[in-house]
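Residue numbers for the sequence shown follow our numbering, beginning at 312 and rising by one.
A virtual CB, placed ideally from N, CA and C, is assigned to each residue, including glycine.
Predicted, not measured: the structure shown is a model, and the values here were computed from it.
Written out below as structure tokens is the structure these notes cover.
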Amino acid sequence: MDIDFGSKLEDFRAEVGAFLDEAPTPAIREAGRKLTSVFAPFEQCMEWHQILHKKGWAAPSWPKEYGGTGWSVEQRYIFAEEYRKRDLPPLLPQSLGMVGPLLIDLGTEEQKEKYLPGILGGLDFWAQGYSEPNSGSDLASLSCRADADGDDYIINGSKIWTTYAHHANRMFMLVRTDNSGKKQQGITFLLLDRVDYEGMEIRPIVGLDGSPEQCEVFFDNVRVPQSGRVGEENDGWTVAKHLLKHERGGSAASPTLKRGLERVREAAKSTPSGFGSMMVDDPVFQRDMGELEADIASYEHFEKLAVSGHPMANDPSFPSMNKTMNSELVQRVSVMITRVTGTEAIPFQNEALRVGANVEPLGTDLDLVAMPYYLNSRATTIYAGSNEVQRDLIARTVGREG
């Protein structure tokens, strides 16, 4: 498939670049430079979301009638490229990239009218209540229960690894509503208007990188309205599978990977190899960088075909293939970053990482983020379904088609 990113789009690229050069505040730029995971610092991320919304560029992949840009595939990809060139913080995916598209596809008209404006405008942030202490990649084994009581559900149980739940004001979640059949058949998808219902408790978890990015959420007889259900009761597994296609591959990821390589290559020009030359000239480093660059280029081609509407994107195994490739490339880039920063990356500098801190980092910006980024990226092959599970899903799909 021919995807033309040539001269006919130069004016568009220039327009995007000019806006991205001028619109972000200093704090937003600092948040982007200090990014250590796929989730940017909350305050600056939501501020940037609202700036992009005023421009009409917050949701490039949404249908135009719901506030999308109406851009072509090529334009959306160029936007992602220019965005990452400037190290700007990504918008939080749970709202714009997950529950928003889900509601556009499967929500009632009342749910769309109620929730989509706040998602698009950056006024609401949604936490994702999926994983539980004993239900991670085997999500169908979840046990957090919702019992019908009049027009409400009463929820009991807990969720874990709930990203930024301590910042969220809404939550979408999966709950157990029936135990009589197969475990996938008794799950329901719920939208929660608030995260401060009586009986709810949120406890942040400090990760290996020193950041309280994840949370535990506890439910003790929490009463929520049934009007927040998406789809039919006990059919939440179907709804969740629909959402996963957005979670595991809803936006262009290769520009971020390519930008990571650029930063590594630039740093290698001034990093001694230990053999009287710079690391950029070391043949082993060149070999490893070449292999990684080739793999990222291959993934970029795969991604461009997918976002262009190629039939492969409709293959049931596509989300699993996309998630597996992207997550493993993220980890390989993080390893290359630690290689080029070396011992300068060892000290934890949490105070210097804070946006607006007056603490000077030890070393360069890359030295500052290298180790927390490496540690945080260990989770990429686990979350959204571990890569072992993804490979099993791919094999099962191929087996059925064979």
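Between the alpha carbons of E577 and V595, how many angstroms are there, rounded?
Counting from 1 along the sequence shown, the entry for residue 577 is found at position 266. Counting from 1 along the sequence shown, the entry for residue 595 is found at position 284. C-alpha separation (whole angstroms): 17 Å.
Is it true that the CB of L640 sits closer than 8 Å to the CB of Y685?
Indexing the sequence shown from 1 puts residue 685 at position 374. Indexing the sequence shown from 1 puts residue 640 at position 329. Their beta carbons are not under 8 Å apart, which means Y685 does not touch L640 by this criterion.
Measuring only the C-alpha atoms, how far is G518 from L320?
As a first step, residue 518 is located in the sequence shown; it is residue number 207 there, counting from the start. As a first step, residue 320 is located in the sequence shown; it is residue number 9 there, counting from the start. Between G518 and L320, the C-alpha separation is close to 42 Å.
Extent of the continuous beta strand (DSSP E) run through I465
Your numbering for residue 465 matches position 154 in the sequence shown. Here the beta strand (DSSP E) through I465 covers D463 to K470.
Touching by the beta-carbon criterion (3+ pairs, under 8 Å), the segment 630-647 and the segment 688-700:
yes
Report the residue from L616, A624, T549 and L453 whose alpha carbon sits nearest the alpha carbon of Y388.
The residue given as residue 388 occupies position 77 in the sequence shown. Selected option, being the one with the closest Cα: L616.
CA nearest to the CA of E614, picked from V651, G571 and S565
The residue labelled residue 614 in the question sits at position 303 within the sequence shown. Here the closest residue by C-alpha is S565.
Are the Cβ atoms of F500 and Q439 separated by less than 8 Å?
Against the sequence shown, residue 500 aligns to sequence position 189. Against the sequence shown, residue 439 aligns to sequence position 128. No; because the gap between Cβ atoms is not below 8 Å, this pair is not in contact.
Nearest-angstrom Cα distance between E512 and V528?
Residue 512 sits at position 201 when you count from the first residue of the sequence shown. Residue 528 sits at position 217 when you count from the first residue of the sequence shown. Their Cα atoms are separated by approximately 6 Å.
By a C-beta neighbour count over all protein chains shown, 10 Å radius and 16 as the cutoff for buried, is A605 buried or exposed?
Taking the sequence shown and counting its residues from 1, one reaches residue 605 at position 294. Its Cβ having fewer than 16 others within 10 Å, A605 is exposed.
Got a sec, what are the start and stop residues for the alpha helix (DSSP H) W359 sits in?
On the sequence shown, residue 359 is found 48 positions in, with the first residue counted as 1. From DSSP, the alpha helix (DSSP H) with W359 extends over F353 to K366.
Can you give me the C-alpha to C-alpha distance between V651 and E524, rounded to a whole angstrom?
As a first step, residue 651 must be located in the sequence shown, where it is residue number 340. As a first step, residue 524 must be located in the sequence shown, where it is residue number 213. Cα to Cα, the separation comes out at about 26 Å.
Taking L407 as the reference, which of S584, L434 and G461 has the closest Cα?
For the purposes of this step, residue 407 is identified with residue 96 of the sequence shown, where counting begins at 1. The candidate whose alpha carbon is nearest that of L407 is L434.
Within the segment 419-483, ranges of the alpha helix (DSSP H) (whole runs, at least 4 residues)
420-431
Measuring CA to CA, which of G674, C356, L572 and V618 is closest to Q405?
On the sequence shown, position 94 is the one that residue 405 refers to. Q405 has its Cα closest to that of C356, out of G674, C356, L572 and V618.
Within the same chain, show all residues whose beta-carbon is closer than 7 Å to that of F353, passing over the 5 residues directly before and after it, in chain order.
Within the sequence shown, the letter at position 42 stands for residue 353. Y475 and H478, listed in sequence order.
Rounded to the nearest angstrom, what separates V541 and N669 at their Cα positions?
Residue 541 sits at position 230 when you count from the first residue of the sequence shown. Residue 669 sits at position 358 when you count from the first residue of the sequence shown. Distance between the alpha carbons of V541 and N669: 46 Å.
If you draw a straight line from the C-alpha of D489 to the C-alpha of E443, how long is it?
Your numbering for residue 489 matches position 178 in the sequence shown. Your numbering for residue 443 matches position 132 in the sequence shown. Approximately 17 Å between the Cα atoms of the pair.
With DSSP collapsed to three states, give me the class of M312.
Taking the first residue of the sequence shown as 1, we reach residue 312 at position 1. The predicted position of M312 is uncertain, since its pLDDT is 47 and thus under 50; a value taken from the coordinates is nonetheless stated next. It is coil, neither helix nor strand.
Rounded C-alpha distance that separates Y394 from L331
Taking the first residue of the sequence shown as position 1, residue 394 is located at position 83. Taking the first residue of the sequence shown as position 1, residue 331 is located at position 20. Taking the straight line joining both Cα atoms gives about 7 Å.
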